[in-house]
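In full-length UniProt numbering, the protein residues as written are 1 to 130.
Worksheet: one structure, shown below.
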Amino acid sequence: MSKRQNTYAKIGADNAEKVKEWGKETPVSQMPTNQFGGVSRSKVCEMLGFSPSTVGSNIAISEAFDRIDERLAKAPSKQRKRTDAEVKALEKRIKHLESRVAVLQAENDVLKRSKAAEEFFLNNCRMIRA
Numbered sequence: 001m002s003k004r005q006n007t008y009a010k011i012g013a014d015n016a017e018k019v020k021e022w023g024k025e026t027p028v029s030q031m032p033t034n035q036f037g038g039v040s041r042s043k044v045c046e047m048l049g050f051s052p053s054t055v056g057s058n059i060a061i062s063e064a065f066d067r068i069d070e071r072l073a074k075a076p077s078k079q080r081k082r083t084d085a086e087v088k089a090l091e092k093r094i095k096h097l098e099s100r101v102a103v104l105q106a107e108n109d110v111l112k113r114s115k116a117a118e119e120f121f122l123n124n125c126r127m128i129r130a
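The structure is reproduced here in structure tokens:
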């Protein structure tokens, strides 16, 4: 291995060790998560001072993140559950908005017919002069 390759390997190993230590020291409740419930790799990489692109090219870093994801999966969910009252309020709001959309669509249809009739009369009828 050349000196440059050896340096890159050491940097990669150091970064993998940083991720492992961060995973051990950070409580699950304080870990940034992505939309899938796993740890946000880009945010962690940014906090630890290396590029998120190294996760895909460094197996040790990727495996460290996988172990953190497993730890997150075992922990209780941080997501707040919706209450029945919230669900009912949202359903009521949806029904209200759907009825409003129906009213606006009917109004739009009337306006389209009026516009078509106006265009017909303007194009096809003579004006009567008094």
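Virtual Cβ for every residue (Gly too), placed ideally from N, Cα, C.
Residue i, DSSP secondary structure in three states
i      : result
Thr-33 : strand
Boundaries (first-last residue) of the alpha helix (DSSP H) holding residue i
i       : result
Val-28  : Element bounds for Val-28: n/a, residue is neither H nor E.
Val-110 : 84-124
Phe-50  : Here Phe-50 belongs to no alpha helix (DSSP H), and DSSP marks it neither H nor E.
Ser-62  : 59-74
Beta-carbon spacing of residue i, residue j below 8 Å
i      : j      : result
Val-19 : Ile-59 : no
Arg-37 : Leu-72 : The question names Arg, but residue 37 in the sequence shown is Gly. Going by C-beta atoms, Gly-37 is nearer than 8 Å to Leu-72.
Met-47 : Val-39 : no
Val-28 : Ala-85 : no
Anticipated Cβ contact below 8 Å, residue i with residue j, distance rounded
i      : j      : result
Val-55 : Arg-41 : 5 Å
Ala-64 : Gly-23 : 6 Å
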